[in-house]
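All remarks here apply to the structure that follows.
This is how it looks when you write it as structure tokens:
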């Protein structure tokens with residue numbers, strides 16, 4: 001068995017204040033109000049520290065303990081993060097400027113094409129072209145005469161080498 005013992009000085013340096021001069025562990029109680037120390041090795045049961053904590057005065061009055069906020073990162077870390085964010089923003093700005101320059105050059109090309117005489121002729125003939133496409137032509141809706149199940153090409157093969165289908169090709 002082991003006990004704690006304290007040695008107090010009731011008038012430290014003639015100030016009237018009590019001061020702790022010594023703290024010891026002894027085999028017999030040497031001070032009043034000390035308790036016996038129990039070691040977990042001697043007792044094969046659960047530790048006393050595993051007991052749930054008693055209510056503190058804050059809990060009695062309904063005061064919540066403030067959670068510790070994350071400490072601010074060091075100044076150098078914050079500067080480095082800000083520098084990385086700035087570099088990323090500058091990269092994005094450079095990409096946007098490049099895209100803007102490409103769009104402006106495309107606009108210039110379109111302006112050059114629109115200002116040509118060929119485009120003006122197409123624009124002026126557009127109503128006539130639309131009318132000719134919208135006319136109903138029953139002759140163009142008829143199927144060409146040919147063998148059943150085989151289509152006959154409307155364009156001769158010798159007129160277009162890309163459309164060389166042969167004599168007859170199956171219909172789908």
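Numbering (full-length UniProt numbering), first residue to last: 1 to 172.
Built from N, CA and C at the ideal position, the CB exists for glycine as well.
Could you give the residue range of the alpha helix (DSSP H) that holds residue i?
i: residue 76; result: 75–114
i: residue 24; result: From DSSP, residue 24 is part of no alpha helix (DSSP H) but of the beta strand (DSSP E) over 19–26.
i: residue 120; result: 117–134
Would residue i be called buried (16 or more neighbouring beta carbons within 10 Å of its own) or exposed?
i: residue 13; result: exposed
Ends of the beta strand (DSSP E) at residue i?
i: residue 9; result: 2–9
Going along the chain, which residues of its own chain have a beta-carbon closer than 6 Å to the beta-carbon of residue i, five neighbours each way excluded?
i: residue 26; result: 3, 5
i: residue 22; result: 7
i: residue 31; result: 5, 6
i: residue 94; result: none
i: residue 73; result: none
Bridge partners of residue i, per DSSP?
i: residue 36; result: 3
What does a CB cutoff of less than 7 Å around residue i pick up in its chain, not counting 5 residues either side in sequence?
i: residue 92; result: none
i: residue 119; result: 113
i: residue 20; result: 6, 8
i: residue 15; result: none
i: residue 111; result: none
i: residue 124; result: none
CB residue i to CB residue j, shorter than 7 Å?
i: residue 36; j: residue 1; result: yes
i: residue 10; j: residue 18; result: yes
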